[in-house]
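Inspection log for the structure reproduced underneath, given as structure tokens.
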Amino acid sequence: MGTAAGAAAAAGEGARSPSPAAVSLGLGVAVVSSLVNGSTFVLQKKGIVRAKRRGTSYLTDIVWWAGTIAMAVGQIGNFLAYTAVPTVLVTPLGALGVPFGSILASYLLKEKLNILGKLGCLLSCAGSVVLIIHSPKSESVTTQAELEEKLTNPVFVGYLCIVLLMLLLLIFWIAPAHGPTNIMVYISICSLLGSFTVPSTKGIGLAAQDIFHNNPSSQRALCLCLVLLAVLGCSIIIQFRYINKALECFDSSVFGAIYYVVFTTLVLLASAILFREWSNVGLVDFLGMACGFTTVSVGIVLIQVFKEFNFNLGEMNKSNMKTD
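Numbering-wise (our numbering), the sequence shown opens with residue 73 and increments by one.
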């Protein structure tokens, strides 16, 4: 009976639900971080354009540095949000950065944002709200021991091996030849690295809880935290390099939109394999999240695919009057 009770208690701890205050705080930080991250690509692109006009390196441009600092602030905000609420609740909120970045790019970079783009912005925001409503509110991994067990799971290890192989192929063979002409090459590299950055960020938060405790597990927690910090640092540096390569060659809002969809999909896949937060999601919530993500994706397509069409509501009204 005692063993059964202990197992039940352990299972209950494994599916701990954060307090409403923690969820609200995590959501608020995630939303602000999404808006900050949405501005980073635009500011960096603006800095790159300004530097090219002067014939200097973008490393000397203050606007580019403003975008870089904004990226750092956004990543810190994401880190805080990941420690407060489940990964699948934070990651999709990056959609809010896409319409914000598109609106900002229309002013700073003079990129087009027609009526369909504005509708896309609205759909992206509405889809994000649906994702928040239906996403899981409980944590499936809450301790360092559980994290270590998940990290050594053969399924997750196999997934990481596949990701590493794909990254090696993309970085050393495909990117040098096709990166400047195919936007998906750089996006794939940055998105696959998300399979390391987001789980590492979440893991650091969990391991840090045991580092300052005077018990035998604190040393293991410190080692685990250092390893995850090294992985996170390498991933961020490589992502940073290829994001700037992409911004030198492609439209910032196009890159940001496609990057969001691919990055979010791969991060949710990695988080589902590692943390298994989807185990606490019912059928209705699963369908709700699928519909929310689809709505966000359609909104992003409207923002980008039809951005070259020159029409607005006034022109549509004139066309209807001529037809009548």
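Note that CB positions come from ideal geometry on N, CA and C, so glycine has one too.
DSSP-derived helix/strand/coil call for residue i
i	result
residue 366	helix
residue 183	coil
residue 335	helix
residue 312	helix
residue 323	coil
residue 348	coil
residue 82	Reliability fails at residue 82, whose pLDDT of 40 lies under 50, so the model's placement of it is uncertain and no value is given.
residue 133	coil
residue 128	coil
residue 140	helix
residue 169	helix
residue 215	coil
residue 371	helix
residue 189	helix
residue 199	helix
residue 354	coil
N-terminal and C-terminal residue of the alpha helix (DSSP H) that residue i is part of
i	result
residue 282	255-283
residue 230	226-241
residue 248	247-250
Cβ pair residue i, residue j closer than 9 angstroms
i	j	result
residue 300	residue 264	no
residue 398	residue 100	What is shown of the chain runs 73 to 396, which leaves residue 398 out entirely.
residue 106	residue 169	yes
residue 273	residue 304	yes
residue 226	residue 321	no
residue 281	residue 224	no
residue 103	residue 145	no
residue 111	residue 173	yes
residue 176	residue 114	yes
residue 134	residue 255	no
residue 364	residue 203	yes
residue 230	residue 339	no
residue 375	residue 197	no
residue 308	residue 269	yes
residue 249	residue 258	no
residue 312	residue 143	yes
residue 130	residue 116	yes
Residue-chain proximity (residue i, chain C), Cβ-Cβ < 9 angstroms
i	result
residue 135	The structure shown contains no chain C; it holds only a single protein chain.
Any non-hydrogen atom of the ligand MG closer than 8 angstroms to residue i Cβ
i	result
residue 202	Among the ligands in the structure shown, none appear at all, so the ligand MG cannot be discussed.
The region 293-301 touching the region 368-375, judged by at least three CB pairs closer than 8 angstroms = no
request  = Count the CB pairs spanning the region 273-284 and the region 142-154 that are closer than 8 angstroms, and state whether there are at least three.
outcome  = yes
task = Mind the definition here: the region 127-143 touches the region 339-346 only if three or more C-beta pairs lie below 8 angstroms; say whether that holds.
result = no
request  = Would you check if the region 108-128 and the region 308-323 touch, i.e. whether three or more CB-CB distances between them fall below 8 angstroms?
outcome  = yes
ask   = Counting pairs of Cβ atoms below 8 angstroms between the region 175-183 and the region 320-331, do you hit three or more?
value = yes
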